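Which chain is which? The protein sequence lines are C and L, in order.
Everything in the first sequence is counted per this note's numbering, starting at 1 for the first residue and increasing by one.
Everything in the second sequence is counted per this note's numbering, starting at 174 for the first residue and increasing by one.
Yeah, the Cβ is synthetic: ideal placement off N, Cα and C, and Gly gets one too.
Quick caveat: nothing in here was measured; it's all calculated off a predicted structure.
Working notes, beginning with the structure itself.
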Amino acid sequence: MTTEQDSSKTNESQNNPQGDYNLDSAEVSFGRRAFFGGILALGGGLWALLVAGTPILSFLWPKKSEVVTVTEMTFEKNLKDFPVGESKNFMFGSIPALLIHDSNGKLSVFNAKCSHLGCTVGYQKDKDVIYCACHGGTYDPNTGKNIAGPPPAPLKPLVADVAADGTITIKIA
Amino acid sequence: MSIPTLKNLNIVQTVVDWLDERVPLKAAVEFAGHKEVPVHKHSIWYYMGGIAALFMGIQFATGFLLMFHYVPTFEGAYASVQAINMQVPFGWLIRSMHSWGANVFILVLFIHMFSTYFMKAYRAPREFTWLSGLGLVGIAMVFGFTGYMLPMDEIAYFATKVGVDVAGESPFIGPYLAEFVRGGSEIGQVTMNRFFSLHVIALPLAMMGLFGLHATLIQLQGISEPESIQKLPKAERKYEKFFPDFFKKDVFVWFAVFVAFMLVVTMKPWGLGPQVDPAAMAPIGIKPEWYFLSQFQALKLFPAKILFFDGVHVAMVFIGTVFGSLAVVPILDSTGKIPFISKFATVYGVIFFIGWLFLTIWGSL
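Structure below.
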């Protein structure tokens, strides 16, 4: 309390260098005191927020995760053991991926993260679509294009190369 | 305090007197006795707050017990919950109480919320009681969401994924928010630490603080009466003392509810889904807990694009506005003196309730 009064007095004397302060302006001086008190409280609050907030936020902020980026991997099965209509969910590094031997005989491979809200999609053989069970998003198994439901974008493609001996290599697009 | 002689020594009275000099016991009892509870045909809804408080207590107690066996690691969580369910003596019981308790707690909170809404108990001077209650419902939902992840079964993983991605779709700060909540780009150990410390430290403290405010306001302002009862002539309005009359009934209701609860808990112990496999597709028919079904169904219904906007953004604005309106509409109607707004609040509540119920049931199908 004393310090507050002192500081407001200091402020007054700074603002009234001639010392023409009189009792009639008591109300004004009260307003001024409240004003400077408010400034002090606000400044103090912001300062405390900054001083406490900076270390806490920095402490909590996720560190740059050292993502082991996979650019290429050999698929677990040979093409001979992966006939038309077959599909497989697998991990491509840290991302879930989906490989489909589609009805055209082509290998399609996608990042299996649904473009809606990130669930993992899968191939539905009977309906020949890629489906997300979370909110019913549907994609074309040949192109990865979003064809029904809420997904706003196609699936991100990956690349599947087949060697002469049938070894399947998955690569980033 | 007079020093008792051997002749008139009354130990109980002496102890009570001694305590009362130090802790204002009699004043507290007298204060509780002053508070009166209106007796009328809608009085049954007055029990809901007390039942909610009972379940809050059950959650705190069983949660505390579960922590003795639960292992909050990405790799070990599933096995530890499995052990609680299958090996730890009465582990199944404690876990079943906690999981069922969470659901019943939120159900009771919803009933409490809707009943106070329709009795217009939010009106002046009780706006802060309403808002603090709304905050408690919000905290309970975050409790549900964070607790959901902890067993690390299949549904835990995808529920967390979707929940965090929804946050990630928020305007401007979305991607940072999602990254911050996850503690990285993928759900993992860091995410688990975050959810666990929120669930067992931050949220309980927040809930106790807000509940303290909520309960204090009710003690200070007394229990609100619906308009239809307020209009009655004084002679026709009946009251009973909160303490001990209403409180006795409260205890009886707690007992009855607890017995019914334990019947469900023991007859249908809470299970555990298959362990999560991050590579596998989300299982067909996956659904969140029932109290998120209305939001879930809304997210399903909004198409990919609405005009120039992503459907998911429109859905979020819609969901946010609808739930946010529960904080706004009662405040608009706080005086209760504007007939149009009063009527609007009632109609709005009915539409909200039916819409919420409809989406929840649809989402469950």
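### Query
Would the region 270–280 of chain L and the region 198–216 of chain L be scored as touching if the rule is three or more Cβ pairs under 8 Å?
no
### Task
List the residues of chain L that C:Val-162 touches, going by C-beta distances under 9 Å, in chain order.
Here residue 162 of chain C refers to the residue found at position 162 of the first sequence. Chain L residues near C:Val-162: none, gap ~22 Å exceeds 9 Å.
### Query
Looking at the unbroken beta strand (DSSP E) that takes in L:Glu-413, where does it start and where does it end?
Position 240 of the second sequence, counting from 1, holds the residue named residue 413 of chain L. Start and end: 411–414.
### Task
Could I get the ranges of all uninterrupted alpha helix (DSSP H) runs contained in the region 243–293 of chain L, with 4 residues as the minimum, in chain order?
DSSP runs (the alpha helix (DSSP H)) wholly in the region 243–293 of chain L: 250–259 and 264–291.
#### Entry: Top-ranked residue by Cα proximity to L:His-242, from L:Gln-255, L:Gly-308, L:Pro-456 and L:Phe-233
Working through the second sequence from its first residue, we reach residue 242 of chain L at position 69. Comparing Cα positions, the closest option is L:Gln-255.
### Message
Taking 8 Å as the threshold (C-beta atoms), are L:Leu-376 and L:Ile-479 in contact?
### Response
Along the second sequence, one-based indexing puts residue 479 of chain L at 306. Along the second sequence, one-based indexing puts residue 376 of chain L at 203. Not in contact: L:Ile-479 and L:Leu-376 (Cβ atoms no closer than 8 Å).
#### Entry: Whole-angstrom distance between C:Pro-96 and C:Ala-164, CA atom to CA atom
Stepping through the first sequence from its first residue, residue 164 of chain C is reached at position 164. Stepping through the first sequence from its first residue, residue 96 of chain C is reached at position 96. In a straight line, the C-alpha of C:Ala-164 is about 27 Å away from that of C:Pro-96.
### Query
Closer than 8 Å, CB to CB, is C:Met-91 near chain L or not?
Counting from 1 along the first sequence, the entry for residue 91 of chain C is found at position 91. So yes, C:Met-91 belongs to the interface.
### Task
For the alpha helix (DSSP H) containing L:Asp-193, list its first residue and its last residue.
By one-based count along the second sequence, residue 193 of chain L stands at place 20. Run containing L:Asp-193: 184–195, per the alpha helix (DSSP H) assignment.
### Task
Determine the burial state of L:Asn-183: buried for a count of at least 16 other Cβ atoms within 10 Å of its Cβ, exposed for fewer.
Position 10 of the second sequence, counted from the start, is the residue given in the question as residue 183 of chain L. L:Asn-183 should be labelled exposed.
### Message
Counting only Cβ-Cβ distances shorter than 8 Å, please list the residues of the region 346–365 of chain L near chain C, keeping chain order.
### Response
Hits within the stretch, in order: Glu-352, Phe-353, Arg-355, Gly-356, Gly-357, Ser-358, Glu-359 and Val-363.
### Task
Could you tell me if L:Thr-364 is buried or exposed, where buried requires 16 or more neighbouring beta carbons within 10 angstroms of its beta carbon?
What you label residue 364 of chain L is simply residue 191 of the second sequence in a count that begins at 1. So L:Thr-364 counts as buried.
### Check whether L:Thr-319 and L:Ile-267 have beta carbons under 8 Å apart
Position 146 of the second sequence, counted from the first residue, corresponds to residue 319 of chain L. Position 94 of the second sequence, counted from the first residue, corresponds to residue 267 of chain L. No, these two residues do not count as a Cβ contact at 8 Å.
### Message
Please state the DSSP three-state secondary structure of L:Thr-494.
### Response
Sequence index remark: in the second sequence, residue 494 of chain L carries index 321 (1-based). L:Thr-494: helix per DSSP, three-state reduction.
### Task
Output the distance between the C-alpha atoms of L:Phe-420 and L:Phe-369, rounded to the nearest integer angstrom.
Counting from one through the second sequence, the residue named residue 420 of chain L turns up at place 247. Counting from one through the second sequence, the residue named residue 369 of chain L turns up at place 196. Rounded to whole angstroms, L:Phe-420 and L:Phe-369 show a C-alpha spacing of 36 Å.
### Query
Counting only beta-carbon atoms, is C:Thr-74 nearer than 8 Å to chain L?
Numbered from 1 along the first sequence, position 74 holds the residue referred to as residue 74 of chain C. Answer no: the Cβ-Cβ gap between C:Thr-74 and chain L never drops below 8 Å.
### Task
Give every residue of the same chain whose Cβ lies closer than 6 Å to the Cβ of L:Leu-290, excluding the five residues on either side of it in the sequence, and list them in chain order.
Within the second sequence, residue 290 of chain L is the residue found at index 117, counting from 1. Just to set this straight, residue 290 of chain L is Tyr in the shown sequence, not Leu. Answer for L:Tyr-290: Gly-522, listed in chain order.
### Message
Taking the alpha helix (DSSP H) that L:Met-359 belongs to, which residues open and close that run?
### Response
Numbered from its first residue, the second sequence carries residue 359 of chain L at position 186. Inspection of the sequence shows that residue 359 of chain L is occupied by Glu rather than by Met. Segment: none, L:Glu-359 is in no alpha helix (DSSP H) and carries neither H nor E.
### Task
Name the residue from L:Glu-342, L:Met-286, L:Phe-513 and L:Glu-327 whose alpha carbon lies nearest to the alpha carbon of L:Leu-307.
One-based indexing of the second sequence puts residue 307 of chain L at position 134. Distance check between L:Leu-307 and each of L:Glu-342, L:Met-286, L:Phe-513 and L:Glu-327 places L:Met-286 closest, using alpha-carbon atoms only.
### Task
Using DSSP bridges, identify the partner residues of L:Asp-483.
By 1-based counting over the second sequence, the position of residue 483 of chain L is 310. DSSP lists L:Lys-478 as the beta-bridge partner residues of L:Asp-483.
### Message
List, in chain order, every chain C residue whose beta-carbon is nearer than 9 Å to that of L:Pro-442.
### Response
Start at 1 with the first residue of the second sequence, and residue 442 of chain L comes out as number 269. Chain C residues near L:Pro-442: none, gap ~26 Å exceeds 9 Å.
### Task
Could you tell me whether the Cβ of L:Ala-375 comes closer than 8 Å to any Cβ of chain C?
The residue you call residue 375 of chain L lines up with position 202 of the second sequence. Look at L:Ala-375: its C-beta is not under 8 Å from any C-beta on chain C.
### Query
Apart from the five residues just before and just after L:Gln-468, which ones in its own chain have a Cβ nearer than 7 Å to its Cβ?
What you label residue 468 of chain L is simply residue 295 of the second sequence in a count that begins at 1. The residues are Ile-492.
### Assigned secondary structure, L:Tyr-521 (DSSP; H/G/I helix, E/B strand, else coil)
On the second sequence, position 348 is the one that residue 521 of chain L refers to. Helix at L:Tyr-521.
### Query
Could you give the distance in angstroms between the alpha-carbon of L:Leu-499 and the alpha-carbon of L:Glu-194?
Numbered from its first residue, the second sequence carries residue 499 of chain L at position 326. Numbered from its first residue, the second sequence carries residue 194 of chain L at position 21. Answer to the nearest angstrom: the Cα atoms are 45 Å apart.
### Message
Counting only C-beta atoms, is L:Gly-484 closer than 8 Å to chain C at any point?
### Response
The residue given as residue 484 of chain L occupies position 311 in the second sequence. True, the Cβ-Cβ gap to chain C drops below 8 Å.
### Short-range partners of chain L found in the region 145–159 of chain C, where Cβ spacing is below 7 Å
Asn-146, Pro-150, Pro-151 and Pro-152
### Task
State the DSSP-derived secondary structure class of C:Gln-5, mapped to helix, strand or coil.
Along the first sequence, one-based indexing puts residue 5 of chain C at 5. Note on C:Gln-5: pLDDT 46, under 50, position unreliable in the model; the coordinate value appears next. Of the three classes helix, strand and coil, the one that applies to C:Gln-5 here is helix, per DSSP.
### Query
Do C:Ile-168 and C:Val-159 have their C-beta atoms closer together than 8 Å?
Here residue 168 of chain C refers to the residue found at position 168 of the first sequence. Here residue 159 of chain C refers to the residue found at position 159 of the first sequence. Their beta carbons are not under 8 Å apart, which means C:Ile-168 does not touch C:Val-159 by this criterion.
### Task
Please determine, among C:Phe-90, C:Lys-64 and C:Pro-83, the residue with the shortest C-alpha to C-alpha distance to C:Phe-75.
The residue given as residue 75 of chain C occupies position 75 in the first sequence. The shortest C-alpha separation from C:Phe-75 is found at C:Phe-90.
### Collapsed DSSP secondary structure at L:Ser-467 in the structure displayed
By 1-based counting over the second sequence, the position of residue 467 of chain L is 294. Helix.
### Message
Spatial neighbours of C:Gly-105 within its chain, please: C-beta separation below 7 Å, excluding the five flanking residues on both sides.
### Response
On the first sequence, residue 105 of chain C is found 105 positions in, with the first residue counted as 1. Cβ neighbours of C:Gly-105 beyond the five flanking positions: Val-84.
### Query
Along the chain, which unbroken stretches of the beta strand (DSSP E) at least 3 residues long are found entirely within the region 65–152 of chain C?
Counting only runs of 3 or more, we get 72–78, 87–92, 95–101, 107–111, 122–124, 129–132, 137–139 and 146–148.
### Message
Strictly below 9 Å CB to CB, what residues from chain L border C:Ala-52?
### Response
Position 52 of the first sequence, counted from the start, is the residue given in the question as residue 52 of chain C. What C:Ala-52 touches in chain L: nothing, since even the nearest Cβ is about 16 Å away.
### Query
Nearest to C:Gly-136 by alpha carbon, out of L:Lys-460, L:Met-489 and L:Asp-506?
As a first step, residue 136 of chain C is located in the first sequence; it is residue number 136 there, counting from the start. Nearest option by C-alpha distance: L:Lys-460.
### Query
Would L:Phe-278 pass as a contact of L:Met-229 if the rule is Cβ separation under 8 Å?
As a first step, residue 278 of chain L is located in the second sequence; it is residue number 105 there, counting from the start. As a first step, residue 229 of chain L is located in the second sequence; it is residue number 56 there, counting from the start. Yes, the pair counts as a contact, with Cβ atoms nearer than the cut-off.
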